[in-house]
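Protein chains in written order, with my numbering: chain H, 529 to 824; chain Y, 53 to 356; chain P, 26 to 402. Heads up, the thing below is written out as structure tokens.
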Amino acid sequence: MLLQQLVNGLTLGSVYALIALGYTMVYGILEMINFAHGEIYMIGSYLCIIFLGVFTGLGLTESHLLLSLCLSGILSAVTCAGIGVTMERIAYRPIRSAHRLSPLISALGVSIFLQNFVMLTQGSSDKVVPHLFSAQAVQFAAFPITPIQLSIISAAILLMAGLHLFVQKTRLGMAMRAVAQDKMMASLCGIPIDRVIMVTFIIGSALAAVAGVMVSIYYGVTHFTIGYVAGIKAFTAAVLGGIGSIPGAMLGGILLGLTESLGAAYVSSEFKDGFAFIILIAILIFRPTGLLGKRT
Amino acid sequence: MRFQKPVSIIGVILLLAVPPFLNNYYLDILTLALLYALLAVGLNVAVGLTGLLDLGYAGFYGIGAYTYAILSTRMGIPFWLGIPFGGIVAAFFGFLLGIITLRLRGDYLAIVTLGFVQIVYLTLNNWDTVTNGPNGILAIGQPSLGGFLLHQPIHFYYLALFFLTITVLVIYRLTQSQIGRALCAIREDSIAAEAMGIDTTKMKILAFSLGAGIAGVAGVFFAAKYTFVSPESFNFFESVRILTMVVLGGMGSLFGAILGAFLLTILPEMLRGLDLYRMLIFGATLVLMMIVRPVGLLGNRNAT
Amino acid sequence: MMFRALFLGFLLLFSNGCHKKAPEIVIGTAGPMTGDQSKQGGDIVNGVRLAVDEWNEKGGIGGIKIRLEVGDDQHDPKQAVSVANKMVNLGIVGMVGHFNSSASIPASSVYHSAGVPMITPGSTNPRLTDQGFKTVFRVCGRDDQQGKVAAQFAVQSFQAKRIAILHDKTTYGQGLAEEFQKAVLSFNVGAEIVSFDGITQGDKDFRSILTTLKGKNPDLFFFGGIFPEGGVLVKQAKEMGMTAPMISGDGVFDPKFIEIAGPAAEGTFLTFAPDPENIPSAKGFLQRYKAKHGNELAPYAIYAYDATNILLTALSQVGGHGMRDGKKVSEAIRNLKYDGALGRTEFDAKGDVKISPYIVWITEGGKFKEHWNPVKG
Chain H
529 MLLQQLVNGL
539 TLGSVYALIA
549 LGYTMVYGIL
559 EMINFAHGEI
569 YMIGSYLCII
579 FLGVFTGLGL
589 TESHLLLSLC
599 LSGILSAVTC
609 AGIGVTMERI
619 AYRPIRSAHR
629 LSPLISALGV
639 SIFLQNFVML
649 TQGSSDKVVP
659 HLFSAQAVQF
669 AAFPITPIQL
679 SIISAAILLM
689 AGLHLFVQKT
699 RLGMAMRAVA
709 QDKMMASLCG
719 IPIDRVIMVT
729 FIIGSALAAV
739 AGVMVSIYYG
749 VTHFTIGYVA
759 GIKAFTAAVL
769 GGIGSIPGAM
779 LGGILLGLTE
789 SLGAAYVSSE
799 FKDGFAFIIL
809 IAILIFRPTG
819 LLGKRT
Chain Y
53 MRFQKPVSII
63 GVILLLAVPP
73 FLNNYYLDIL
83 TLALLYALLA
93 VGLNVAVGLT
103 GLLDLGYAGF
113 YGIGAYTYAI
123 LSTRMGIPFW
133 LGIPFGGIVA
143 AFFGFLLGII
153 TLRLRGDYLA
163 IVTLGFVQIV
173 YLTLNNWDTV
183 TNGPNGILAI
193 GQPSLGGFLL
203 HQPIHFYYLA
213 LFFLTITVLV
223 IYRLTQSQIG
233 RALCAIREDS
243 IAAEAMGIDT
253 TKMKILAFSL
263 GAGIAGVAGV
273 FFAAKYTFVS
283 PESFNFFESV
293 RILTMVVLGG
303 MGSLFGAILG
313 AFLLTILPEM
323 LRGLDLYRML
333 IFGATLVLMM
343 IVRPVGLLGN
353 RNAT
Chain P
26 MMFRALFLGF
36 LLLFSNGCHK
46 KAPEIVIGTA
56 GPMTGDQSKQ
66 GGDIVNGVRL
76 AVDEWNEKGG
86 IGGIKIRLEV
96 GDDQHDPKQA
106 VSVANKMVNL
116 GIVGMVGHFN
126 SSASIPASSV
136 YHSAGVPMIT
146 PGSTNPRLTD
156 QGFKTVFRVC
166 GRDDQQGKVA
176 AQFAVQSFQA
186 KRIAILHDKT
196 TYGQGLAEEF
206 QKAVLSFNVG
216 AEIVSFDGIT
226 QGDKDFRSIL
236 TTLKGKNPDL
246 FFFGGIFPEG
256 GVLVKQAKEM
266 GMTAPMISGD
276 GVFDPKFIEI
286 AGPAAEGTFL
296 TFAPDPENIP
306 SAKGFLQRYK
316 AKHGNELAPY
326 AIYAYDATNI
336 LLTALSQVGG
346 HGMRDGKKVS
356 EAIRNLKYDG
366 ALGRTEFDAK
376 GDVKISPYIV
386 WITEGGKFKE
396 HWNPVKG
């Protein structure tokens with residue numbers, strides 16, 4: 529049973545990690561907590577259901593299930609990337625140089641706006657994913673993991689590895705790292721700051737969208753409020769790992785997911801959400817830079 | 053701000069004289085506006101004056117409310133004793149939070165305060181033996197003045213006005229004093245402030261504690277008026293609501309906080325038909341405010 | 026500027042207060058009209074409106090038309106109190122509502138102080154009537170009755186030996202779970218409660234708690250809560266290979282439950298009132314309701330309908346100025362032997378219905394079906 533809980537935790541953690549990456553990247557570059565990031569994740573999960581619905585209408589899901597799923601995922605990611613960029617343009621760029629609190633409050637406003645927008649357009653009750661798989665998910669022999677959980681974990685690992693490579697090995701990645709380290713100097717070196725920031729938002733939003741898509745399929749339902757709680761937890765994960773550090777976000781996410789699962793199982797299910805916040809406060813008191821963080 | 057004195061006097065006269073002509077529904081709304089004005093003034097101390105983004109303010113509010121609720125229902129503690137109790141307990145938590153966030157920069161501070169209100173909410177919701185969990189606490193005692201029980205909406209209106217007036221006077225004196233200027237200095241540039249000899253640590257903790265204490269008192273009032281408290285009233289969204297009032301009215305401005313509170317309490321009531329869109333407008337307003345006029349309606353760089 | 030804003034505010038408030046002066050009888054209804062339970066709220070309003078319209082077609086009460094005021098409490102206790110105050114100020118002579126126990130209980134204090142009779146169509150928490158307010162009634166059952174029926178089924182019919190209990194930490198859900206637990210233990214037949222735990226409303230991931238639950242090997246697990254969580258719970262339970270079926274209460278009794286859980290919903294037990302389709306007296310109501318609102322299942326509309334009729338009957342019995350006297354109207358309600366869509370309704374001293382039939386339903390073939398009756402077995 530412990531193994532099962534570990535698997536549950538890893539799956540949950542992968543989701544947190546994917547969302548956390550967006551937080552950490554944006555913070556690294558803009559030194560701003562994008563409160564609205566969680567809503568991107570939520571929108572991703574809704575879009576997945578919407579696109580799947582379209583494909584079902586076209587008859588695609590019966591014949592090519594895997595294809596429709598992947599297509600839905602990609603389309604959601606693209607759309608969310610667009611939303612992220614728009615968000616940056618409208619709500620954050622104009623106030624980039626203003627008072628410290630302004631971007632934070634603006635992000636709060638965006639978050640509230642997006643949540644309510646989805647509620648008004650999609651209804652306030654759960655949105656249900658059409659049932660495409662059998663009720664009893666197959667488990668692999670003695671190893672207690674379902675195909676969906678496996679997909680989530682592997683997808684997360686692949687994406688994170690890909691991101692890491694991108695940031696380390698490509699020119700654009702290098703530009704991102706430069707901007708994160710010192711925006712002023714980077715611009716003096718000729719790096720197009722605005723474009724780098726745009727790319728950051730694109731990648732972060734796309735990752736969050738993928739997390740949302742996977743979560744839709746995993747739970748079978750979504751709701752316009754899932755962004756809020758997931759956002760806070762993912763942010764905790766980012767801080768835990770060291771905000772601004774990409775490997776940190778990954779580590780933080782996994783750790784948080786494991787802690788939550790094991791905590792809910794062995795300590796108290798009622799207080800499950802509390803673990804995230806206690807960890808958050810503890811980290812910020814004792815090691816504000818996080819596990820893998822560096823002082824910027 | 054030359055017109056402040058006459059405006060406040062007219063405002064106070066209106067607030068004092070008009071209520072007997074209003075029915076309970078309007079009285080309720082005004083009382084709620086006064087209550088939120090109290091909260092906004094308190095939050096303004098930390099956020100507006102000192103520049104500490106406190107996202108967990110509703111936590112202190114809830115602590116005050118529940119402290120009185122528990123004392124009243126289990127030990128029969130009267131309202132007038134409940135006020136200092138609630139205020140002090142809440143201020144104590146403000147003190148704790150201040151210590152925890154001492155070394156933290158703006159964003160981290162905000163996150164910790166967010167975590168704080170979440171933990172308060174979760175504790176209220178899960179600690180059944182003490183807080184009765186999600187059911188909340190019923191039949192909380194109402195205030196009495198020398199044998200006369202205050203239970204009508206109009207009584208609570210004047211009670212709220214009383215608390216608000218006292219608090220406004222105190223905070224006003226504070227902003228004009230050395231402490232007030234020290235807080236502003238910290239807001240503008242805490243390193244420079246430290247260099248000028250201001251004990252930023254002490255000041256920050258003071259800001260938090262004072263704000264928390266005010267919230268605690270507001271909480272006690274809330275509990276006594278509704279005779280019922282439940283965890284749902286004290287969560288992050290409540291914090292955001294109060295923050296919006298401060299931001300809208302003008303950060304750092306005492307009158308701005310009151311204005312913001314009145315606007316954001318009365319307008320939504322009038323727009324009850326647009327209930328569905330209420331939060332949507334809320335969110336958009338926050339963004340617009342930040343872009344167009346980040347200092348708020350009445351805000352400026354100085355204390356009031 | 027502040028002066029101007031305040032002045033404007035006062036003006037606007039005043040302007041809202043001018044009403045036309047035609048004689049009318051005002052009653053109120055309240056519930057979650059917006060938000061995640063808005064369907065339930067809407068069903069209630071539909072039921073109440075149907076009754077009101079029928080009375081008005083026959084000329085109202087004593088020739089005076091009845092007007093309905095609708096309040097939205099979003100199942101939030103604080104808003105419920107606000108709505109209650111507003112209703113009282115609007116001069117209602119009776120309230121059919123609220124819906125959620127967490128809203129009805131605080132609101133009942135307000136109505137009681139103002140002397141306004143209140144009949145709830147759907148609040149099942151015992152505390153509502155245990156408070157002892159003579160003006161508070163309910164036409165639905167109580168959670169202790171519901172819990173008892175569920176427990177009787179679990180222990181006698183299903184013969185479960187190991188039972189796990191989950192709840193959603195709300196007034197209703199936790200209350201129901203506790204009643205169920207009490208009842209099971211009172212049967213004293215060696216049925217063991219292997220766990221009692223809470224989940225959070227709004228949460229979607231219950232795998233951790235379900236894994237733990239599965240490890241305790243229950244024959245049956247009880248859930249006190251509503252359908253959004255109920256649906257996800259039972260779906261994940263089946264996905265994890267748990268064979269123990271779920272038993273729950275009226276909060277899960279909603280077609281959305283089956284939609285969310287899909288095939289996993291099969292074999293779930295639910296306590297609810299008997300099917301109105303099988304009650305002869307409900308035929309007329311069902312026909313008229315379906316004609317207006319379609320065939321979608323609206324379990325609480327019939328309660329709202331009967332509650333409204335009871336209120337209006339009592340009002341018309343008292344008549345004249347007595348209608349404003351909450352005590353008189355409440356007495357009339359209490360003395361009423363009402364025959365309506367739900368059959369015969371009579372109230373006891375506390376304001377609960379004397380006979381509260383709860384039976385156990387089961388999900389079969391994607392639909393709810395009557396399954397077990399505590400009386401007949």
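Quick reminder that beta carbons are idealized off the backbone N, C-alpha and C, glycines included. A quick note: this is a predicted structure, and the numbers were derived from the prediction, not measured.
Within chain P, partners of residue i - CB distance below 7 Å
i	result
N536 of chain H	R232, S233 and T236
S789 of chain H	S233
I754 of chain H	K229
Straight-line Cα distance separating residue j from residue i
i	j	result
G550 of chain H	V257 of chain P	28 Å
K379 of chain P	G166 of chain P	9 Å
G537 of chain H	I806 of chain H	18 Å
D106 of chain Y	A259 of chain Y	11 Å
D373 of chain P	F124 of chain P	20 Å
D331 of chain P	M120 of chain P	13 Å
L350 of chain Y	P280 of chain P	52 Å
G572 of chain H	L306 of chain Y	42 Å
G265 of chain Y	A142 of chain Y	5 Å
I782 of chain H	Y747 of chain H	19 Å
M570 of chain H	T753 of chain H	8 Å
G637 of chain H	L338 of chain Y	5 Å
G309 of chain P	F282 of chain P	27 Å
Q532 of chain H	L161 of chain Y	37 Å
A237 of chain Y	G769 of chain H	33 Å
T219 of chain Y	A175 of chain P	54 Å
Interface partners of residue i on chain Y, CB under 9 Å
i	result
Q199 of chain P	D180, G185, P186 and N187
Amino acids of chain P, ordered along the chain, whose beta-carbon sits closer than 9 Å to that of residue i
i	result
S261 of chain Y	In chain order: nothing, as chain P lies at least about 27 Å away.
S797 of chain H	L191, D222, G223, I224, T225, F231, S233, I234 and T237
S16 of chain Y	Any question about residue 16 of chain Y goes unanswered here, given that chain Y covers just 53 to 356.
M529 of chain H	T236, T237, K239 and G240
Listed by chain order, chain H residues near residue i by CB distance under 8 Å
i	result
A336 of chain Y	G637 and F641
Chain P contact residues for residue i, given Cβ-Cβ distances below 8 Å
i	result
V749 of chain H	K229, P253, G256, V257 and I285
R96 of chain Y	Looking at the sequence provided, one finds Asn at residue 96 of chain Y rather than Arg. Ordered by position in chain P, no residue passes the 8 Å Cβ test against N96 of chain Y, which lies about 15 Å from the chain.
Y278 of chain Y	K103, V106 and P131
Proximal residues of chain H, C-beta to C-beta of residue i below 9 Å
i	result
S63 of chain P	G651, S652 and S653
K281 of chain P	S653, D654 and V656
Within chain H, partners of residue i - CB distance below 7 Å
i	result
G167 of chain Y	F805, L808 and I809
G66 of chain P	By Cβ distance, chain H contributes nothing, its closest Cβ being about 11 Å from G66 of chain P, past 7 Å.
Check: residue i C-beta below 7 Å from any heavy atom of the ligand MG
i	result
P346 of chain Y	The ligand MG is absent from the structure shown, which contains no ligands of any kind.
Does the pairing of the region 127-139 of chain Y with the region 265-275 of chain Y give three or more beta-carbon distances under 8 Å? yes
To be precise: take each residue of the region 284-306 of chain Y, compare its Cβ to all Cβ atoms of chain P, and keep it if any distance is under 8 Å. Which residues remain? E284 and S285
Extract the residue ranges of the alpha helix (DSSP H) inside the region 146-172 of chain P, only unbroken runs of 4 or more that lie entirely within it. 152-155
Any residues in the region 78-110 of chain P with a beta carbon nearer than 8 Å to a beta carbon of chain Y? Which ones, in chain order? D97, D101, P102, K103, V106, S107 and N110
At a Cβ cut of 7 Å, what residues of the region 137-162 of chain P count as close to chain Y, listed as they run along the chain? none
What are the start and end residues of each continuous alpha helix (DSSP H) run of 4 or more residues lying completely inside the region 41-102 of chain P, in chain order? 63-82
Can we say the region 242-249 of chain P touches the region 202-215 of chain P, given the rule of at least three CB pairs closer than 8 Å? yes
Count Cβ pairs between the region 588-599 of chain H and the region 773-780 of chain H that sit closer than 8 Å; are there 3 or more? no
Ignoring anything shorter than 4 residues, give me the alpha helix (DSSP H) runs that lie fully in the region 196-266 of chain Y, in order along the chain. 205-228, 230-240 and 242-247
So within the region 210-293 of chain P, which uninterrupted beta strand (DSSP E) runs reach at least 3 residues, ignoring any that extend past its ends? 217-223, 245-249 and 271-273
Give a yes or no on contact between the region 556-565 of chain H and the region 681-700 of chain H, applying the rule of three or more CB pairs nearer than 8 Å. no
Counting only Cβ-Cβ distances shorter than 9 Å, please list the residues of the region 237-257 of chain Y near chain P, keeping chain order. none
Proximal residues, the region 87-117 of chain Y versus chain H, C-beta separation under 7 Å: L105
Is there contact here, the region 133-151 of chain P with the region 149-169 of chain Y, by at least three beta-carbon pairs under 8 Å? no
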